[in-house]
Amino acid sequence: MKKLLSVLVASVVMCGALFAGCADTGSESVEGGNTGSDFTVGAIYINSQNDTAGYTYAHHKGITTAMENLGLSVADNLKIIDNVPEDDEQVMTAIEQLAGQGCDIIFGISFGYLNAFAEAAEEYPDIVFCHATGYLSNDTNFNNYFGRIYQARYLAGIAAGYKSLEIGNNDLGYVSAWGTEYAETCSGINAFTLGVLSVNPDAVVHVKEISTWGDQELERQAAEVLITTYGCGVIAQHCDSAQPQIVANEQGVYGCGYNSDMSVEAHDAHLTAPVWNWDVFYQLAMETAMNESSASEFVSNIGGNYYGGLSEGMVDISPLTDNNAPEAAEAIALARDLMVSGEWDVFSGTALRFSGEAGSVTVEQVSMDLMDNENNIIVAGGEPSVGDDVIQGSMNYYVAGVVDES
Amino acid sequence: MRFHLVRRSEVRLIRKICLYLAGIAVSFIIGGIILSSLGINPLSYYRDMITIGLIGNRYPGKSVEGLLKLFVPLLITSLALALAFKMRFWNIGGEGEFIAGAILAAVVAFKLGDSLPGPVVVLLMCIAASVSAGVIGLVTAHLKVRFNTNETLMTLMINYIMLYVIKYLGETKADWNFFLREDSERPIFAKFPENAIMDGIEIGNFKLLYTVPAAILIAVLVYFYLKSTKQGYEISVVGDSVNTAKYAGMNVYKITVRTIFLSAALIGLAGAFTASASGTISTDITNNVGWTGVIVAWLSKLSVPVIGIVSLLISVLQYGCQAASASYSQIDHNFADLMQGIFLFSILAADFFANFRLVRVHTAKTEPSKASDGGSGKDV
Numbered sequence: 000m001k002k003l004l005s006v007l008v009a010s011v012v013m014c015g016a017l018f019a020g021c022a023d024t025g026s027e028s029v030e031g032g033n034t035g036s037d038f039t040v041g042a043i044y045i046n047s048q049n050d051t052a053g054y055t056y057a058h059h060k061g062i063t064t065a066m067e068n069l070g071l072s073v074a075d076n077l078k079i080i081d082n083v084p085e086d087d088e089q090v091m092t093a094i095e096q097l098a099g100q101g102c103d104i105i106f107g108i109s110f111g112y113l114n115a116f117a118e119a120a121e122e123y124p125d126i127v128f129c130h131a132t133g134y135l136s137n138d139t140n141f142n143n144y145f146g147r148i149y150q151a152r153y154l155a156g157i158a159a160g161y162k163s164l165e166i167g168n169n170d171l172g173y174v175s176a177w178g179t180e181y182a183e184t185c186s187g188i189n190a191f192t193l194g195v196l197s198v199n200p201d202a203v204v205h206v207k208e209i210s211t212w213g214d215q216e217l218e219r220q221a222a223e224v225l226i227t228t229y230g231c232g233v234i235a236q237h238c239d240s241a242q243p244q245i246v247a248n249e250q251g252v253y254g255c256g257y258n259s260d261m262s263v264e265a266h267d268a269h270l271t272a273p274v275w276n277w278d279v280f281y282q283l284a285m286e287t288a289m290n291e292s293s294a295s296e297f298v299s300n301i302g303g304n305y306y307g308g309l310s311e312g313m314v315d316i317s318p319l320t321d322n323n324a325p326e327a328a329e330a331i332a333l334a335r336d337l338m339v340s341g342e343w344d345v346f347s348g349t350a351l352r353f354s355g356e357a358g359s360v361t362v363e364q365v366s367m368d369l370m371d372n373e374n375n376i377i378v379a380g381g382e383p384s385v386g387d388d389v390i391q392g393s394m395n396y397y398v399a400g401v402v403d404e405s
Numbered sequence: 000m001r002f003h004l005v006r007r008s009e010v011r012l013i014r015k016i017c018l019y020l021a022g023i024a025v026s027f028i029i030g031g032i033i034l035s036s037l038g039i040n041p042l043s044y045y046r047d048m049i050t051i052g053l054i055g056n057r058y059p060g061k062s063v064e065g066l067l068k069l070f071v072p073l074l075i076t077s078l079a080l081a082l083a084f085k086m087r088f089w090n091i092g093g094e095g096e097f098i099a100g101a102i103l104a105a106v107v108a109f110k111l112g113d114s115l116p117g118p119v120v121v122l123l124m125c126i127a128a129s130v131s132a133g134v135i136g137l138v139t140a141h142l143k144v145r146f147n148t149n150e151t152l153m154t155l156m157i158n159y160i161m162l163y164v165i166k167y168l169g170e171t172k173a174d175w176n177f178f179l180r181e182d183s184e185r186p187i188f189a190k191f192p193e194n195a196i197m198d199g200i201e202i203g204n205f206k207l208l209y210t211v212p213a214a215i216l217i218a219v220l221v222y223f224y225l226k227s228t229k230q231g232y233e234i235s236v237v238g239d240s241v242n243t244a245k246y247a248g249m250n251v252y253k254i255t256v257r258t259i260f261l262s263a264a265l266i267g268l269a270g271a272f273t274a275s276a277s278g279t280i281s282t283d284i285t286n287n288v289g290w291t292g293v294i295v296a297w298l299s300k301l302s303v304p305v306i307g308i309v310s311l312l313i314s315v316l317q318y319g320c321q322a323a324s325a326s327y328s329q330i331d332h333n334f335a336d337l338m339q340g341i342f343l344f345s346i347l348a349a350d351f352f353a354n355f356r357l358v359r360v361h362t363a364k365t366e367p368s369k370a371s372d373g374g375s376g377k378d379v
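Below, the structure written as structure tokens:
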């Protein structure tokens with residue numbers, strides 16, 4: 000017993016020593032913070048900053064890449080509060096902590112941070128606030144940002160369309176987190192389908208909804224059903240994990256992943272994946288905020304809300320794998336050029352039609368009605384694309400060629 | 000060589016305090032080892048944690064506000080749970096009762112927030128929340144006393160029911176759903192009208208919400224309720240032995256139902272306070288106080304003053320860990336939970352050693368200590 004007691008007493012003493020040391024090291028680290036640029040970036044994440052894949056990981060990588068490009072130190076100039084749920088009070092607390100630590104710009108990556116960000120932007124006019132996937136903003140220090148991922152999905156659709164022609168199977172599958180409930184998933188399914196149809200007008204895209212942003216088991220099951228029940232030969236996806244691609248690999252069919260080059264997980268199946276380059280926006284936002292004299296100039300300097308696409312490099316597709324049909328690369332390059340130049344966009348009254356053998360693929364712009372799958376005209380032939388507000392907000396219908404299997 | 004555990008006949012206070020301090024020291028050391036292994040200086044991390052990031056803070060008032068926002072619901076919930084636990088009624092439905100209160104507060108806020116003056120709306124929110132959560136407690140207490148149902152299971156299930164109710168409200172876009180923002184295509188909870196948002200006393204940059212004095216007042220009232228009232232005495236008698244209470248002519252049904260109503264109503268009130276302070280509700284509104292409150296109540300041995308201290312310390316730990324983790328890219332929010340777990344474990348161990356001692360058993364001889372200690376010994 001005496002031994003035990005002495006161990007405990009010793010630990011108390013050690014603890015005392017620990018705190019006695021606090022004061023010295025304290026002043027050291029405060030001084031350390033002042034070296035280099037004092038531009039401080041704050042970030043609020045929905046999941047852990049230590050994730051190795053998924054949504055938070057993609058943003059974290061974007062922010063750190065942007066900071067490295069701008070010569071900012073990630074260790075000293077980046078403050079992160081992570082695992083913050085979509086609860087206004089907890090988001091507000093996180094914002095206040097970051098504001099207190101001297102952040103000049105604060106990014107919030109999850110939709111549910113909306114209310115708190117709008118409120119904080121008013122309360123802290125000298126800090127810049129940027130909110131991903133939202134729709135609120137003001138004229139001074141608060142904007143929202145997202146990307147035209149549908150453009151990348153269209154390109155992936157072209158690759159999938161050529162593959163369906165090559166294997167002689169007009170049924171394609173699409174594992175989606177949500178369906179028409181969210182414009183984000185809905186526009187993705189539609190763009191992919193239009194891309195497929197530009198190559199293979201007889202194709203049908205079967206959509207299986209799993210009603211959650213990420214659940215590996217459900218993603219797996221949905222892909223299995225699409226392959227075994229509906230006989231799909233290419234599996235595309237809008238969900239977190241690579242499970243649909245892994246299933247495609249196992250079953251000997253093909254697939255288009257999402258968010259990262261999934262050939263790592265599905266070597267023999269993967270064609271290409273729509274990917275985000277969040278660093279494009281983060282770099283622009285940080286540069287804008289660093290170079291302005293006051294946070295209130297931010298929104299006008301950056302040009303309002305950000306919705307970058309292929310031309311800005313905000314979205315893209317991962318390198319085409321050897322599994323692709325020979326014509327795919329050329330056709331994708333042609334479609335990309337049309338979108339980058341701004342000459343054409345996906346949801347318009349003009350459809351692209353590709354023809355020709357590899358080496359001489361040509362594209363034709365055909366004026367035709369953009370129809371939904373209940374035979375309503377969305378955009379009449381020859382008319383320009385629907386507005387960004389539709390693509391980001393109110394799109395709640397599938398285009399002709401999509402079959403909802405949920 | 001074998002050891003026996005023997006209950007101490009007397010526990011000196013100084014010894015207890017020493018052991019608790021040692022427990023805290025041990026947890027700091029374990030945490031320090033983890034931090035060092037991640038390449039972080041534990042001293043600067045602990046400094047940021049204990050000072051809740053106030054050093055060099057641009058808006059120190061906001062940090063204190065944030066700390067109090069964690070403290071108030073935790074304090075009220077822990078007190079409420081202690082009321083139930085004192086009667087040996089295992090109310091682990093704090094999460095569900097909290098959410099029920101928050102939802103009803105939100106109903107009042109959205110429906111009456113525009114038409115009534117501020118204090119009236121907030122008061123009505125509190126009443127609606129308390130009554131609705133109280134009724135949940137009342138039903139479980141009734142079933143327990145009348146039909147001897149298992150209150151642990153009943154209250155546990157309430158948590159999941161209420162969690163899915165609030166999830167349903169938050170994810171269902173429909174005309175009837177007045178909880179959601181109308182301008183959003185994606186479902187998201189709306190802000191309460193201005194009148195439904197909790198006000199406070201502004202001291203410069205710092206705003207002391209009225210919930211803070213209210214929570215402290217509740218703590219004082221609960222203290223005297225348990226200590227000096229007849230009802231408080233009845234609670235402890237029922238807790239000690241239902242049969243004794245019956246023999247003494249007490250109405251066990253009435254006492255149980257009344258106490259559990261009060262316990263759940265207080266948790267509902269905490270839900271209303273939180274909803275009103277944040278100006279909206281969410282599926283994460285409880286911040287796990289229903290669970291943390293159980294731990295606080297137990298660590299404090301159901302003593303009201305100690306509950307006050309422990310809930311403040313846990314709030315400092317949670318808020319401080321988050322504030323400190325912002326500066327270290329290796330540390331994420333989970334570290335706060337880890338530290339909390341290490342602390343609780345160490346303190347429980349300290350508590351154990353304050354009450355028991357290890358006695359070496361000489362196997363060759365008979366065991367004299369066993370007989371004298373009433374056979375409470377146990378092989379280790």
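Protein chains in written order, with numbering that gives the first Met the number 0: chain A, 0 to 405; chain B, 0 to 379.
Even glycine gets a Cβ: it sits at the ideal position worked out from N, Cα and C.
Member of the options whose CA lies at the smallest distance from the CA of residue i
i, options, result
"A330 of chain A", "A:T271, A:D321, A:R352", "A:R352"
"L337 of chain B", "B:S328, B:F191, B:Q321, B:A348", "B:Q321"
"L162 of chain B", "B:L34, B:I294, B:N287", "B:N287"
"V246 of chain A", "A:A222, A:A131, A:C255", "A:A222"
"I202 of chain B", "B:D283, B:A353, B:P59", "B:P59"
"Y149 of chain A", "A:H58, A:A334, A:Y112, A:L71", "A:A334"
"T154 of chain B", "B:L4, B:F260, B:L69", "B:F260"
"V274 of chain A", "A:G312, A:V298, A:G303, A:T349", "A:G312"
"A115 of chain A", "A:G178, A:M91, A:M289", "A:M91"
"L113 of chain A", "A:N248, A:H237, A:G256, A:I43", "A:I43"
"S317 of chain A", "A:Y253, A:N372, A:H269", "A:H269"
Residue i, buried or exposed, once every other Cβ within 10 Å from all chains shown has been counted against 16
i, result
"E95 of chain A", "buried"
"D47 of chain B", "buried"
"N33 of chain A", "Residue confidence is low: N33 of chain A scores 37 on pLDDT, short of 50, so the model does not pin down where it sits. Its coordinate-derived value is still stated next. Exposed."
"I215 of chain B", "exposed"
"E326 of chain A", "buried"
"T211 of chain A", "exposed"
"W175 of chain B", "exposed"
"I376 of chain A", "exposed"
Short CB-CB distance (under 9 Å) between residue i and chain A
i, result
"G52 of chain B", "yes"
"R6 of chain B", "no"
"T210 of chain B", "no"
"D378 of chain B", "Residue placement at D378 of chain B cannot be trusted, given a pLDDT of 46 that sits under 50; what the coordinates show is reported in the next sentence. Chain A, which has no Cβ nearer than 9 Å to the Cβ of D378 of chain B, makes this no."
"I284 of chain B", "yes"
Residues that residue i bridges to, as DSSP identifies them
i, result
"F205 of chain B", "B:I202"
"A235 of chain A", "A:Y173, A:C255"
"Y306 of chain A", "A:F145"
"V130 of chain B", "None, per the DSSP bridge assignment."
"P273 of chain A", "A:I316"
"I105 of chain A", "A:G41, A:F128"
"Q364 of chain A", "A:L351"
"I80 of chain A", "A:I43"
"H205 of chain A", "A:G172, A:V402"
"H266 of chain A", "None; H266 of chain A has no bridge partner."
"R359 of chain B", "B:F2"
Neighbour flag for residue i against chain B, beta carbons, 9 Å
i, result
"N142 of chain A", "no"
"L77 of chain A", "yes"
"G308 of chain A", "no"
"E180 of chain A", "yes"
"P318 of chain A", "no"
"L97 of chain A", "yes"
"S36 of chain A", "no"
8 Å contact criterion, which residue i and residue j should meet: CB distance rounded
i, j, result
"C185 of chain A", "N322 of chain A", "About 28 Å separates the two Cβ atoms, so there is no contact after all."
"I75 of chain B", "I217 of chain B", "6 Å"
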